[in-house]
Structure formats: C-alpha cells, structure tokens
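S.K.: Residue numbers (this note's numbering): 6 to 278.
(1) Could you tell me the boundaries of the beta strand (DSSP E) in which residue 255 lies?
(2) Out of 237, 184 and 227, which one is the CA nearest neighbour of residue 264?
(3) Suppose you measure from the CA of residue 214 to the CA of residue 141; what does that come to, to the nearest Å?
(4) Check whether the stretch 194 to 209 touches the stretch 163 to 171, taking contact to mean three or more Cβ pairs, one atom from each stretch, closer than 8 Å.
(5) Give the secondary structure of residue 141 by DSSP, where H, G and I count as helix, E and B as strand, and everything else as coil.
(6) Pull up the CB-CB distance for residue 143 and residue 28, whole angstroms please, since I reckon it's below 8 Å.
(7) Are there 16 or more other CB atoms within 10 angstroms of the CB of residue 117, so buried, or fewer, so exposed?
(8) Out of 229, 98, 33 and 204, which has the shortest C-alpha to C-alpha gap to residue 53?
(9) Residue 270 by DSSP, collapsed to three states: which one?
(10) Give the C-beta separation of residue 18 and residue 134 to the nearest angstrom, bearing in mind that I take them to be a contact with Cβ-Cβ under 8 Å.
(11) Helix, strand or coil for residue 205 per DSSP?
(12) By the three-class DSSP mapping on this structure, what secondary structure does residue 155 have?
(13) Sorted by chain position, which residues of the same chain lie with C-beta nearer than 6 Å to residue 255's C-beta, five sequence neighbours on each side aside?
(14) Based on the DSSP secondary-structure assignment, which residues constitute the bridge partners of residue 226?
(15) Between residue 267 and the rest of its own chain, which residues show a CB-CB distance below 6 Å, the 5 nearest in sequence each way excluded?
(16) Going by DSSP, what residues sit across from residue 50 in a beta bridge?
(17) In this structure, does DSSP put residue 240 in helix, strand or coil?
(18) Report the residue ranges of all beta strand (DSSP E) runs contained in full by the stretch 156 to 197; include only those spanning at least 3 residues, in chain order.
(19) For residue 218, I'd like the list of residues in its chain whose CB is within less than 7 Å of its CB, leaving aside the five on either flank, ordered along the chain.
(20) Could you check what DSSP says for residue 30 in three-state terms: helix, strand or coil?
(21) Should the stretch 170 to 179 be regarded as contacting the stretch 201 to 213, the criterion being three or more beta carbon pairs within less than 8 Å?
(22) Would you decide whether residue 257 is buried or exposed? Buried here means 16 or more other CB atoms lie within 10 Å of its CB.
(23) Buried or exposed for residue 201, please, with buried defined as at least 16 other CB atoms from any protein chain shown within 10 angstroms of its CB.
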C-alpha cells in the first residue's frame, strides 16, 4: 500500500510516517513538561524546529533541481509537488533544538527521550514500507487501449516506466498533464503510461482534444483493478519503475517539472545499475 484514505482525505504512507514521528515527538515533549513553568517556551522551540526543518527540506530540493525551477519560477512555492529532502530537514530541526537546549540538561534530556521514542515509533512502519516497496513490480492486471484492445503492462519491461493514474475530473491530474506530456516527448528512453480511472472512451477523448494533448500509451482501468493492485488510493498517483519492472518510488499529488525530473533521475540511475 502506497497511500491510504482517511475519510475524504488521501495521504501517502511516507508522509503519514513523517507526521507520525513529528506528532509523537511533540506529544512526548508535552507530557514530560506539563508540570514545568517553561513548558510553553520548550514547545515553542519544537514548533520552530518543525518550521525550520520544513523550510530547509524544501530549500535543499529546490537547490538540487535549480535548473528545472528556472523554467517556472512560481513553482518554487508550489510545495504540493512533493519536492522535499526530509533528511536535511531532520538535521536542521535537530540543530534548532540542540542550540536551544545547550547548557540546559533537563531540556536536552526531554528532547532526547522524545526523539528516541519517536524514532522507534516510525522504525517499524518505515521498515514495513521499504519491504513492501521492494516487492512491488509492474501491475499484472489488464488495461485497455483507445481501441478496446487488452494491453499487458508487463510488456513495457526493458526500459524505465512511469505509470500515471488519473481522471479528467481531477484538477491536479489535469494540471500536471502538460508536464507529463513534455517529459514523454523529451525522454524516449522512458515509457510513460497513462492509466485512466473509471471513465469511458468518449470522456477521455473529449478531454484530450479539449486540452490539445498529444499523449501515447493512454489506457483504461474501468474498475480500478490496476490502481488497487498497485496500492494507489488517490489521484493523481504516479509510480516510477526501473527497467526490470521493480518499483523505485512513487508520488501522490501534482507533479512539477522539477519533481518529475527528480524521480526520472532516480529510475534512470536504478536502471543503470
């Protein structure tokens, strides 16, 4: 499972694990300091550490993919593209806490205990998610092309594959289509596959014509069998496979030129090994 539904909301497992870790850290800090007069100051620093970590994680991604953002400057603030480097954020947040706790043994102990518990809390789901991802391959459920002919997605093995689950009623799906179209045109070494969810030929063709899209490999998954098999619970979801058909990474939500390029680099590197 790559994402889960929480009522009307859908969240990626990787994002949920991060939120779980942050939530446990804050809760443990709160419980340990609930009888201390300086609790507000201690919790304020935790919040500031979260904010600094968030900003640094985004900034490092932007710097890494700087060339891509020069094409669309407004995308710098479009955090919905998922462009973050969490490891840098963790380090930055830890430094904020360490600087505040310097010379304050009780505060340092509070943060340390909260960090250890949070770390162990997310270790199990992180390990489980990595094991799951390692075993995921290209879907075996059938899809159908615009002529109604059955297509085996396994046939795309041999080159890196990007599978995008989408629907014409989905605003972020519509918004990212030009980005995916440009990537398909400029990267012939990667197979881009567009798997529509639950719509008919007329609806899809009308959307493609209205948006003047030139897409190859547009397929239909009427009963969402392929998306369920892949563990995708929301739209849009994009899966990235190496040339041997193994899942490398996934993204839920709108893709930007920068985030898509980042993921393509990952599957190209994995395929070259």
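Yeah, the Cβ is synthetic: ideal placement off N, Cα and C, and Gly gets one too.
M.R.: With the given structure in hand:
(1) 252 to 257
(2) For residue 264, the closest of 237, 184 and 227 by C-alpha to C-alpha distance is 184.
(3) 34 Å
(4) A contact exists between the stretch 194 to 209 and the stretch 163 to 171.
(5) coil
(6) Not quite, the Cβ-Cβ distance comes to about 35 Å (not below 8 Å), so this is no contact.
(7) exposed
(8) Considering only alpha carbons, the answer is 98.
(9) helix
(10) 5 Å
(11) Residue 205: coil per DSSP, three-state reduction.
(12) strand
(13) Excluding positions up to five away in sequence, the list reads 7 and 244.
(14) 202
(15) 70
(16) None, per the DSSP bridge assignment.
(17) coil
(18) For the stretch 156 to 197, the continuous beta strand (DSSP E) assignments of 3+ residues that do not extend past its boundaries occur at 166 to 171, in sequence order.
(19) Closer than 7 Å at Cβ, skipping near neighbours: 182 and 186.
(20) helix
(21) yes
(22) The residue is buried, with at least 16 neighbouring Cβ atoms inside 10 Å.
(23) Residue 201 counts as buried, since no fewer than 16 other beta carbons sit within 10 angstroms of its beta carbon.
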